[in-house]
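Asks: Going by our numbering, the first residue of the sequence shown is number 3, and it counts up by one from there.
The structure under discussion is supplied below as structure tokens; questions concerning it will follow.
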Amino acid sequence: MADWIGYQWLAERYGVSPVQAFRTDSSIAKSRATVREDGHVHQQYLPAARPADTLAGHLTFALKREGVHLEFLARLFRVLPVADLEAWVASEPTGQYARRAGFFYEYLTGEHLAFPGVAAGNYVAALDDEAYLTASHPTNNPRWRVRDNLPGTRDYCPLVLRTPRVQQAERYDCAEHLADLEVEFGADLLLRSAVWLTIKESRASFAIEHEEQHVDRVRRFASAMEERCGQGEDPLSEGALGELQSQILGPRATRYGVRRSPVFVGEVDGFTEVIHYIAPHWDETAALLSGLRGFAARTTGAAALLRAAVLSFGFVYIHPMSDGNGRISRFLVNDVLRRDGAIPAPFILPVSATITSSVVQRRGYDQVLELFSRPFMRKYAQAWRFGAEQVAEDGVHHNMQFDAWQDALPAWRYPDMTDHVEYLAQVVQLTIEQEMRKEAGYLRSLRMARERVKQVIEGPDGDIDRIIRSVRENGGKVSNKLLREIPALADEALAAELVAAIQAAFAPS
3 MADWIGYQWL AERYGVSPVQ AFRTDSSIAK SRATVREDGH VHQQYLPAAR
53 PADTLAGHLT FALKREGVHL EFLARLFRVL PVADLEAWVA SEPTGQYARR
103 AGFFYEYLTG EHLAFPGVAA GNYVAALDDE AYLTASHPTN NPRWRVRDNL
153 PGTRDYCPLV LRTPRVQQAE RYDCAEHLAD LEVEFGADLL LRSAVWLTIK
203 ESRASFAIEH EEQHVDRVRR FASAMEERCG QGEDPLSEGA LGELQSQILG
253 PRATRYGVRR SPVFVGEVDG FTEVIHYIAP HWDETAALLS GLRGFAARTT
303 GAAALLRAAV LSFGFVYIHP MSDGNGRISR FLVNDVLRRD GAIPAPFILP
353 VSATITSSVV QRRGYDQVLE LFSRPFMRKY AQAWRFGAEQ VAEDGVHHNM
403 QFDAWQDALP AWRYPDMTDH VEYLAQVVQL TIEQEMRKEA GYLRSLRMAR
453 ERVKQVIEGP DGDIDRIIRS VRENGGKVSN KLLREIPALA DEALAAELVA
503 AIQAAFAPS
């Protein structure tokens with residue numbers, strides 16, 4: 003059995019079990035070692051490194067060596083004897099770790115310790131700017147002489163560890179890579195592709211929810227993407243979200259607005275009842291949304307990809323609307339990138355198309371969501387059940403009951419979004435460098451094919467495009483159906499010349 007120190011020692015000592023695993027854990031062993039595994043670090047220290055078996059000893063070690071775990075700290079501060087924390091900060095009123103512990107206690111609980119405040123000394127950062135995404139404009143907390151550079155608010159404060167892949171995402175210049183495509187394909191062709199890419203993103207967004215065949219829905223979402231991305235002052239206000247939801251859902255939806263009922267992701271088919279995720283209590287959604295807006299405000303000027311990932315996935319987990327949450331979350335990706343100047347108008351990145359481009363990519367999207375939902379449901383496996391049907395405040399009929407709304411709140415408020423940033427950065431890179439390149443290349447080939455086909459046979463653009471499409475779909479042959487539609491193609495020499503022209507236009511360069 004491991005001889006834990008730091009966060010794990012505190013977890014066992016105070017009986018605290020967070021939803022999200024510690025990214026770094028530490029133990030005492032016979033030799034010094036560091037093991038990295040799936041984004042987590044396991045540190046082994048020699049016995050001389052063991053801290054004193056006290057709250058002060060192990061929390062100091064954790065904050066110094068293992069980083070900040072807001073969910074765990076929020077849970078720890080619920081159960082530890084406050085007098086122990088007060089005694090620590092009284093004994094080390096100028097110690098940076100005691101000050102940070104006191105600051106985090108008051109930040110996370112909203113309560114004040116019996117402590118007069120720090121009279122003098124340098125300010126210390128709440129988070130290490132080199133290790134975490136932090137607020138663009140920190141504020142000083144004079145009571146603790148702590149520089150509050152947390153990226154969110156008490157209501158919602160996600161953390162992003164600046165791993166090598168996150169730092170790469172910070173450096174990735176979407177506009178520069180789009181400019182490279184413009185040089186390669188020309189501004190006119192690239193802008194023409196933007197129209198189709200908007201439709202493609204809309205269709206793919208519905209494909210994620212297995213609803214891509216609903217043409218009217220696809221058009222509504224494409225219209226919303228085109229008209230609303232990067233527009234307005236606050237896309238996360240309830241008013242703006244309501245307008246966006248109405249445009250996406252159309253006039254015949256059964257529910258609009260912010261939900262006032264429980265919501266879960268799962269399957270109930272009469273034989274099995276499986277829940278994959280439970281969203282926060284409806285009484286908390288307004289505060290969580292306000293916190294999400296707080297994150298957007300506090301990180302203004304930070305890397306757009308990081309902000310887009312946190313705002314999009316954060317919205318998914320909060321799940322505040324009665325319907326359309328998934329589509330709104332994917333809208334937010336392009337909205338943030340446009341708003342932050344990372345993607346110029348009128349481009350829409352078809353990130354959903356990348357997500358649905360293969361079984362592997364689709365599974366990757368599900369897996370990144372499960373990084374939070376799976377441990378959440380493991381912790382609360384015994385806290386939910388289906389019972390008698392009830393009618394919620396918004397008229398929704400439901401029979402799901404959950405007994406841990408308050409206990410789960412720290413997990414919803416303080417998610418670790420590191421992996422989500424890494425995932426979205428990879429998707430965006432693939433979207434620009436592969437999906438958009440492929441689309442621009444296709445349009446260039448299509449333009450070339452039209453010109454070459456018109457050298458073989460005259461006709462309106464609609465007929466020419468139908469010929470090109472039919473020949474490509476029929477393996478480079480003129481089908482009987484196409485012959486019936488265009489009898490001139492019965493001339494074998496003409497047909498052969500036409501097929502050769504099309505194949506040459508689409509041949510790899």
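Note that beta-carbon positions come from the ideal geometry of N, C-alpha and C, so glycine has one too.
Apart from the five residues just before and just after residue 90, which ones in its own chain have a Cβ nearer than 6 Å to its Cβ?
Replies: So the qualifying residues of the chain are 58, 100.
Asks: Would you tell me roughly how many angstroms separate the C-alpha atoms of residue 365 and residue 328, rounded to the nearest one?
Replies: Those two C-alpha atoms are separated by around 16 Å.
Asks: Residue 336 lies in the alpha helix (DSSP H); which residues open and close that run?
Replies: Where residue 336 is concerned, the enclosing alpha helix (DSSP H) stretches over 327-341.
Asks: Just checking my contact of residue 396 with residue 481 at CB under 8 Å: how many whole Å lie between their CB atoms?
Replies: In fact, because the Cβ distance is near 53 Å, the residues do not count as touching under 8 Å.
Asks: Do residue 48 and residue 34 have their beta-carbon atoms positioned less than 7 Å apart in this structure?
Replies: Yes, these two residues count as a Cβ contact at 7 Å.
Asks: Under the rule that 16 or more other beta-carbon atoms within 10 Å means buried, what is residue 477, buried or exposed?
Replies: The residue is exposed, with fewer than 16 neighbouring Cβ atoms inside 10 Å.
Asks: Classify residue 444 as buried or exposed, calling it buried when 16 or more other Cβ atoms lie within 10 Å of its own Cβ.
Replies: With fewer than 16 Cβ atoms within 10 Å of its Cβ, residue 444 is classed as exposed.
Asks: Find the nearest neighbour of residue 351 within the set 358, 341, 335, 342, judged by alpha-carbon distance.
Replies: Taking only the C-alpha atoms, the option nearest residue 351 is 335.
Asks: Quick one: is residue 26 buried, meaning 16 or more other Cβ sit within 10 Å of its Cβ, or exposed?
Replies: With 16 or more other Cβ atoms within 10 Å, it is buried.
Asks: May I have the straight-line CA-CA distance separating residue 387 from residue 222, to the nearest angstrom?
Replies: Using only the alpha carbons, I get a separation of about 36 Å.
Asks: Hey, how far is the Cα of residue 126 from the Cα of residue 144?
Replies: Rounded to whole angstroms, residue 126 to residue 144 spans 11 Å at the Cα level.
Asks: Give the range of the alpha helix (DSSP H) segment to which residue 26 is assigned.
Replies: Run containing residue 26: none in the alpha helix (DSSP H); it sits in the beta strand (DSSP E), 26-30.
Asks: Could you pull out every residue in the same chain whose Cβ sits closer than 6 Å to the Cβ of residue 506, ignoring the five residues on either side in sequence?
Replies: Counting only Cβ-Cβ distances below 6 Å, and skipping sequence neighbours, we find nothing.
Asks: Round the Cβ separation of residue 426 and residue 326 to the nearest angstrom and send it over; I've been treating them as touching at under 8 Å.
Replies: That belief does not hold up - the Cβ atoms of residue 426 and residue 326 are roughly 20 Å apart, past 8 Å.
Asks: Is it true that the CB of residue 466 sits closer than 7 Å to the CB of residue 446?
Replies: No, the pair does not count as a contact, with Cβ atoms beyond the cut-off.
Asks: Tell me the residue span of the beta strand (DSSP E) that contains residue 279.
Replies: Start and end: 275-280.
Asks: If you compare alpha carbons, which of 149, 176, 137 is closest to residue 160?
Replies: Checking every option, the nearest Cα to that of residue 160 belongs to 137.
Asks: Which first and last residues belong to the alpha helix (DSSP H) in which residue 111 is found?
Replies: From DSSP, the alpha helix (DSSP H) with residue 111 extends over 98-111.
Asks: Check residue 429 in the structure and name its three-state DSSP category.
Replies: In the structure shown, residue 429 sits in a helix (DSSP, three-state: H, G or I).
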